[in-house]
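Take the sequence shown: its position 74, counting from 1, is numbered 74 in the numbering used here, and each next residue is one higher. Beta carbons: idealized from backbone N, C-alpha and C, even for Gly. For clarity, every value in this text was computed on a predicted model and none was experimentally measured.
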Amino acid sequence: MVEIIPKKVAPLSRWVNILFYFSLALLVFCIADFFILGNSIKKSQKALTNLEDSLLSGKTSERISLEKEILKYQKKTEDFSKIIGGHLETLKVFDLLQKNCHPKVWFSSFSLDSKERQVDLSGETQSFESLGQQLLIFQGEDSVESVNLEKVSISKEGKIGFSLSLSLIPNFLNVQ
């Protein structure tokens, strides 16, 4: 049967209202976020495209400064290589003399012309025999190109004074 007198509608609970308004606010927030994030993505894509174009089309200022710095260090390295390439290792001469000195020969003066690879020595020995042996030792050395006995004298004490020069092989003084 049909009721003619309307009945009062039961009021909705408070939680249902809170849930409804919260859902409505969340929906508005999601829609706003959609447009904001979409705009942000477009800006980021444009910036990325600009960066890719600048990388492809030319060099960045940072890259140019790095290249200049690298070239500066490369030049320093080349300069150092030239300097070290022209350096002669004169210490090898002392090793040569130490290794090839006769026990009865005493050297009193030493002169080295590194550009000409010439060593001038003067000294004393007790006999011509030990002087001859010293000359043979130097002549048998692979790093000595030639030996020249330039002066021989006998002192009052009977010792043999001498001067000799050694010519070294071309690459002996080079740094290896």
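>> For Asp113 and Ile169, what's the separation of their Cα atoms in angstroms?
In response: Straight through space, the alpha carbons of Ile169 and Asp113 are spaced by roughly 13 Å.
> Rounded to the nearest angstrom, how far is the Cβ of Thr90 from that of Leu149, given a contact under 8 Å?
Replying inline: In fact, because the Cβ distance is near 23 Å, the residues do not count as touching under 8 Å.
>> Rounded to whole angstroms, what is the Cα-Cα separation between Arg63 and Leu55?
In response: In this structure, the alpha-carbon of Arg63 lies about 10 Å from that of Leu55.
> How long is the line joining the alpha carbons of Gly158 and His102, rounded to whole angstroms?
Replying inline: Across the structure, Gly158 and His102 are spaced so that their CA atoms are roughly 19 Å apart.
> Name the DSSP beta bridge partners of Val105, please?
Replying inline: According to DSSP, Val105 shares a beta bridge with Thr125.
>> Using CA atoms only, rank isn't needed, just tell me which of Leu71, Phe29, Lys99 and Phe80 is closest to Gln141.
In response: Looking at the sequence provided, one finds Glu at residue 141 rather than Gln. Per the C-alpha coordinates, the member of Leu71, Phe29, Lys99 and Phe80 positioned closest to Glu141 is Lys99.
> From which residue to which residue does the alpha helix (DSSP H) around Asp26 run?
Replying inline: In the sequence as displayed, the identity of residue 26 is Leu instead of Asp. Counted as a single uninterrupted DSSP element, the alpha helix (DSSP H) harbouring Leu26 occupies residues Arg14 to Ser57.
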